[in-house]
Amino acid sequence: MGRHQSSAPKIVWFRRDLRLADHPALFNAAQNHPIIPVFIWAPDEEGDWPPGAASRWWLHHALTNLDKSLRGLGSCLVLRSGPTLAALKALARESGATAVYWNRRYEPAVSERDQRIEDDLRANGIDVESYNGSLLYEPWTVAKKAGGPFQVFTPFWKTCLAQDPPAAPLPAPHVLQQPAIWPRSEGLDSFSLHAHMNRAEGFCASWNPGEKEAQNQLKSFVSKSLRSYAEARDHINGDGLSRLSPHVHFGEIGPRQIWKAVEKASRGQGYSAAKDNPFLRQLGWREFSYHLLFHFPHTPQQPLRTRFKAFPWESDAAALTAWQQGQTGIPLVDAAMRQLWCEGWMPNRARMVVASYLTKNMLISWRDGAAWFWDTLVDADLANNTLGWQWTSGCGADAAPYFRIFNPINQAVKFDPDGHYIDRWIPALRKLPLPWRFKPWEAPPQVLSEAGVALGTTYPEPWVDLRFSRERALAMYRQMRQQ
Ligand SMILES: Cc1cc2nc3c(=O)[nH]c(=O)nc-3n(C[C@H](O)[C@H](O)[C@H](O)COP(=O)(O)OP(=O)(O)OC[C@H]3O[C@@H](n4cnc5c(N)ncnc54)[C@H](O)[C@@H]3O)c2cc1C
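In this note's numbering, the protein residues as written are 78 to 560.
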């Protein structure tokens, strides 16, 4: 490695910020100092939410790419396994580093852990600096006029937008100075991030993790799809969406970078202000989810609306498995769940439909759905996932009213009118004409047989009757409200 410097190095602890540009911790640490970039694998320090199988797959590739980018600047990524505090202290001892820099995280177990690490390092004479690298508005900077956190999105977002606009993104360093002593690195393979991943083929065909690809994705979205986002965002096939969520989750791109690119492009596309911009508004939902997670840290386990604590969810393992495997007999639900399994992702509308089906038609707890998403999504994110599940099941902040039960047939007719999404994910129904492809159990026997569909054999019968289960859910929700 290149030139050595005599001044004491600083450790930059990479976490959910696996990029070089707009990385405040790296930017500040690298001013006139040699730096040691480190990633520490310590999944058991993430409370009940260690990264799931799909996230680990992404992380493996993201770390490989980050190391490559660092090498381009004359540095490299040092990998260590946890416990994190011991690893950081050992690194400081071995390299003579006098400070650790990081960008903040907001998940309850992680921020408590970070506080303990900060206190201990300081007590041992090691300086700590932390920064905001992943939000536009940190949770404690936005409050209701009367004080206290928001629970409704629109006034939250209005209050955010009334503040100064997000700062301009920071540039990536051009070169990184070398420490005199390079601490040893563990091998990435020793983390076994691939160990539980049996469907990497579909993931590799769908995704390219890394900062460079995140930038390409943003550029392509802004130039081709931003203009039509307001209409396209509901299409179930996902065309016209940014598909940035896993890149954002792992911090391969930061929200200030997205904000700046979108705002610049929007000026020419008829949006006069951020508040009118439907895409920035979605970023606003992400901000809102972090606001809620920070101020209501119990919500990944408990409903925000306390009356839901007593809701009598069913524990039906067979129904849950049918939902997970895309075998419910409801084509739109099954298509989306199969996409999730193969690609580790599905569009927002599909997430709402399958979440509504699980919690309202099957009456299975949102927590079971959230846990499955946690393991299978490449963008699994504690704040967004908790908000999404609580919103859809009706037990969260600013949630869908309890009587809003998505009808998966109407949703398919409206948002997948040609049936292409179902075609793609359920080959057994490909020859079934519309509208029967949306509801094969209503198709005349001759139509089914001509299309080669044998219900119960080539494709399942519906697990629950949609009308009956809807009425049942409404009755139970009504009863809960009266209690
Ligand atoms: C039940 C359920 C579970 C969800 N779980 C997650 C999750 O684990 N991780 C996750 O990132 N998103 C989650 N979402 C939110 C949303 O579905 C995804 O962010 C979106 O589908 C990602 O696709 P995209 O990047 O193309 O989004 P785009 O529509 O292009 O939006 C751009 C970005 O804005 C943010 N965003 C968009 N919609 C939302 C939203 N509703 N809530 C919060 N942020 C949003 C994301 O960072 C996204 O990348 C969930 C939604 C539901 C209904």
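By construction, the Cβ of each residue, glycine as well, lies at the ideal position given by its N, Cα and C atoms.
Mind checking residue 79: buried by the 16 CB within 10 Å criterion, or exposed? Per-residue confidence for residue 79 stands at a pLDDT of 42, beneath the threshold of 50, marking its modelled position as unreliable; the derived number appears in the next sentence. With fewer than 16 Cβ atoms within 10 Å of its Cβ, residue 79 is classed as exposed.
Residue 532 - DSSP class collapsed to helix/strand/coil: Three-state DSSP puts residue 532 in a strand.
Determine, using beta-carbon pairs with one atom in the segment 230 to 243 and one in the segment 361 to 370, whether at least three such pairs fall under 8 Å. The way I'd put it, the segment 230 to 243 does touch the segment 361 to 370; three or more beta-carbon pairs between them come closer than 8 Å.
According to DSSP, which residues form a beta bridge with residue 180? Per DSSP, 208.
For the beta strand (DSSP E) that contains residue 356, what are its first and last residues? Counting along the chain, residue 356 falls outside any beta strand (DSSP E), though it belongs to the alpha helix (DSSP H) covering 355 to 372.
If we count the other Cβ atoms within 10 Å of its Cβ and call it buried at 16 or more, is residue 87 buried or exposed? Classification for residue 87: buried.
Alpha carbon of residue 93 to alpha carbon of residue 556, nearest angstrom: Straight-line Cα distance between these residues: approximately 43 Å.
Can you tell which of 432, 329 and 213 has the C-alpha that lies nearest to the C-alpha of residue 444? It is 432.
Does the segment 107 to 114 come close enough to the segment 295 to 311 that 3 or more CB-CB pairs lie under 8 Å? These segments do not touch.
Give every residue of the same chain whose Cβ lies closer than 8 Å to the Cβ of residue 181, excluding the five residues on either side of it in the sequence, and list them in chain order. 188, 191, 207, 208, 209, 210, 211 and 215, listed in sequence order.
Using the C-alpha atoms, what's the distance from residue 524 back to residue 132? Their backbone Cα atoms lie some 42 Å apart in a straight line.
Could you name the residues of the same chain whose beta carbon sits closer than 8 Å to that of residue 519, not counting the 5 residues immediately before and after it, in chain order? So the qualifying residues of the chain are 513.
Output yes or no for whether 8 Å exceeds the beta carbon distance between residue 295 and residue 321. Yes, Cβ-Cβ distance for residue 295 and residue 321 is below 8 Å.
Given that a residue counts as buried once 16 or more other Cβ atoms are within 10 Å of its Cβ, and exposed if not, what is residue 534? Label assigned to residue 534: exposed.
What is the residue span of the beta strand (DSSP E) that residue 90 lies within? Taken as a continuous stretch (DSSP letters only), the beta strand (DSSP E) holding residue 90 covers 87 to 91.
Is any non-hydrogen atom of ligand 1 found closer than 7 Å to the C-beta of residue 219, if you look at the structure I gave you? Distance from the C-beta of residue 219 to the nearest heavy atom of ligand 1 is not below 7 Å.
Whole-angstrom distance between residue 176 and residue 107, CA atom to CA atom: Here the alpha carbon of residue 107 sits roughly 12 Å from the alpha carbon of residue 176.
Take the Cβ of residue 84 as the centre, count every other Cβ of all protein chains shown within 10 Å, and call the residue buried at 16 or more, exposed below. Exposed is the label assigned to residue 84, since fewer than 16 other Cβ atoms lie within 10 Å of its Cβ.
What residues match up with residue 148 in a beta bridge as DSSP calls it? Residue 148 pairs with nothing; no bridge assigned.
Output the distance between the C-alpha atoms of residue 118 and residue 494, rounded to the nearest integer angstrom. Whole-angstrom Cα-Cα distance: 45 Å.
Contact defined as beta carbons within less than 8 Å: I believe residue 334 pairs with residue 99. What is the distance between those atoms, to the nearest angstrom? That pair is a contact at about 5 Å.
Is residue 332 closer than 8 Å to residue 213 when the C-beta atoms are compared? The answer is yes: Cβ separation under 8 Å.
Beta-bridge pairing of residue 158 - partner residues as DSSP gives them: Under DSSP, the beta-bridge partners assigned to residue 158 are 118.
Have a look at residue 277 and residue 448 and give me their C-alpha separation to the nearest angstrom. Rounded to the nearest angstrom, the two C-alpha atoms are 20 Å apart.
Cβ shell of residue 500 (< 6 Å), same chain only, five flanking positions each side left out: So the list reads 507, once near-sequence residues are dropped.
Considering only residues of the same chain and omitting the five flanking positions on each side of residue 561, which have a CB-CB separation below 7 Å? With the chain covering 78 to 560 only, the question about residue 561 has no answer from this structure.
Cβ contact (3+ pairs, closer than 8 Å) linking the segment 544 to 559 and the segment 417 to 427: Touching, no.
How should residue 237 be labelled, buried or exposed, when 16 other C-beta atoms within 10 angstroms of its C-beta is the threshold for buried? A buried status is given to residue 237, since no fewer than 16 other beta-carbon atoms sit within 10 Å of its beta-carbon.
Please tell me whether, using a cut-off of 7 Å, the distance from the CB of residue 314 to the nearest non-hydrogen atom of ligand 1 is below it. Taken from the Cβ of residue 314, every heavy atom of ligand 1 lies 7 Å or farther away.
Enumerated in chain order, which unbroken segments of the alpha helix (DSSP H) with a length of 4 residues or greater are wholly contained in the segment 206 to 251? Those alpha helix (DSSP H) runs which fall completely within the segment 206 to 251 and span 4+ residues are 230 to 239.
Give the DSSP-derived three-state secondary structure of residue 330 in the structure shown. The three-state reading of DSSP puts residue 330 in coil, since its state is none of H, G, I, E or B.
What is the rounded straight-line gap between the Cα of residue 478 and the Cα of residue 471? In this structure, the straight-line span from the alpha carbon of residue 478 to that of residue 471 is close to 6 Å.
Taking a contact to mean a Cβ-Cβ separation below 8 Å, would you say residue 441 touches residue 393 in this structure? In this structure, residue 393 lies closer than 8 Å to residue 441 by Cβ.
What are the complete alpha helix (DSSP H) segments, minimum 4 residues, inside the segment 396 to 483? Listed in chain order, the complete alpha helix (DSSP H) runs (minimum 4 residues) inside the segment 396 to 483 are 408 to 420, 425 to 433, 443 to 453 and 459 to 470.
Considering just the uninterrupted stretch of the alpha helix (DSSP H) at residue 487, what are its terminal residues? Bounds of the alpha helix (DSSP H) holding residue 487 are 485 to 492.
With distances taken from CA atoms, which of 151, 149, 102 and 160 is nearest residue 122? Closest by alpha carbon: 160.
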